[in-house]
């Protein structure tokens, strides 16, 4: 039972990171209708910028995380303006190919600056916490608390602010939003910036637990696309539920076979979509 409870906590922490990264991708797809395959590259860059902030600039963990989030948000906004905005009227395959190009460009740039070897980010609060026999690392506790806080902040922004309302309006009807005076170009840039910031925060939170490598973005890409398909394309609640479902499937799938833990998660995706092709949550009109 102790091991079972510990694995539940590990799954919750992992699901929190998946949810942050998937929410950014969901927002971009919901507003821009672009499957941003470069999203994993932004996630990977966020991890490396956190590492650079800690090791090169000598910042603390929280300042390094915030710096990473701001830098990746600015890069994502610039990417939308220079790459995706000019392709807004092009066939759907063109933005997808451009996004893949950005992903490979970011990977090559990271390898040029930091090399291909993996990097390790030190835990800001080392040690473990024992709760009734359940052993929990402080970093996983930080991951869970920070990811929940970020999701609550995003929900407040989307539901309770005028800017968030414009994002919601544009996601429901882009042309209608433009006709009532919403600057759709600015909303698109802002959405990409939020998406990049969420990816960077997720990467900075998980970086002390996993190795930081140039290929980590490609792996996360597969997972977050599986998550948003599972939850329903463009559905924010679906992205959160799908993220935690995939995390639990991976963690508890390791009991069956550790080598195929991630495969079990994708098998769950196939089964759900075979029963409900539109995903768990149909996006509300």
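Residue numbers (the numbering used here): 69 to 353. Glycine is no exception: its CB is placed at the ideal position from the N, C-alpha and C atoms. Given the structure is predicted, the values throughout are model-derived calculations rather than measurements.
**Report entry** DSSP three-state assignment for residue 198, whether helix, strand or coil
**Finding:** In the structure shown, residue 198 sits in a strand (DSSP, three-state: E or B).
Query raised in the report: Hey, how far is the Cα of residue 352 from the Cα of residue 199?
Result: Only weak support is given to the placement of residue 352: the predicted model assigns it a pLDDT of 42, under 50, and the question is left unresolved by the model.
Query raised in the report: Would residue 245 be called buried (16 or more neighbouring beta carbons within 10 Å of its own) or exposed?
Result: By the neighbour-count rule (16 or more Cβ atoms within 10 Å), residue 245 is buried.
Query raised in the report: Using a Cβ-Cβ cut-off of 7 Å (strictly less than) and excluding sequence neighbours within five positions of residue 281, which residues of its own chain qualify?
Result: If you ignore the 5 residues before and after residue 281, its C-beta comes within less than 7 Å of the C-beta of 186, all in its own chain and listed in chain order.
Requested in this report: Measure how close the beta-carbons of residue 111 and residue 267 come, nearest whole angstrom, since I'm counting them as under 8 Å.
Outcome: Indeed, because the Cβ distance is near 4 Å, the residues count as touching under 8 Å.
Requested in this report: Confirm, please, whether the CB-CB distance from residue 292 to residue 107 is below 8 Å.
Outcome: Yes, the pair counts as a contact, with Cβ atoms nearer than the cut-off.
Report task. Check whether the Cβ atoms of residue 140 and residue 122 lie closer than 8 Å to each other. Result -> No.
Report task. Identify, in the order they occur along the chain, each residue of the same chain with its Cβ nearer than 7 Å to the Cβ of residue 257, setting aside the five sequence neighbours on each side. Result -> Answer for residue 257: 145, 148, 149, listed in chain order.
Query raised in the report: Just the Cα atoms here: how many angstroms apart are residue 300 and residue 312?
Result: Residue 300 and residue 312: Cα-Cα distance of roughly 14 Å.
Report task. Please report the residue range of the alpha helix (DSSP H) in which residue 79 lies. Result -> Run containing residue 79: 70–100, per the alpha helix (DSSP H) assignment.
Query raised in the report: Expressed to the nearest angstrom, what Euclidean distance is found between the alpha-carbon atoms of residue 77 and residue 232?
Result: Each residue's CA atom was taken as its position, placing residue 77 and residue 232 some 31 Å apart.
Query raised in the report: Which residues mark the beginning and the end of the alpha helix (DSSP H) in which residue 344 is found?
Result: Counting along the chain, residue 344 falls outside any alpha helix (DSSP H), and DSSP gives it neither H nor E.
Requested in this report: Throw me the rounded Cβ distance for the residue 306 and residue 247 pair, which I believe falls under 8 Å.
Outcome: Not a contact, Cβ separation roughly 28 Å.
Query raised in the report: What residue ranges within the region 192–270 form continuous alpha helix (DSSP H) runs of no fewer than 4 residues, ordered along the chain?
Result: Counting only runs of 4 or more, we get 206–228, 230–240, 242–247.
**Report entry** Cβ separation of residue 98 and residue 302, assumed to be a contact under 8 Å, to the nearest whole Å
**Finding:** That pair is a contact at about 4 Å.
Requested in this report: Measure the alpha-carbon distance for residue 137 versus residue 321 and round it to whole angstroms.
Outcome: Approximately 32 Å, taken between the alpha carbons.
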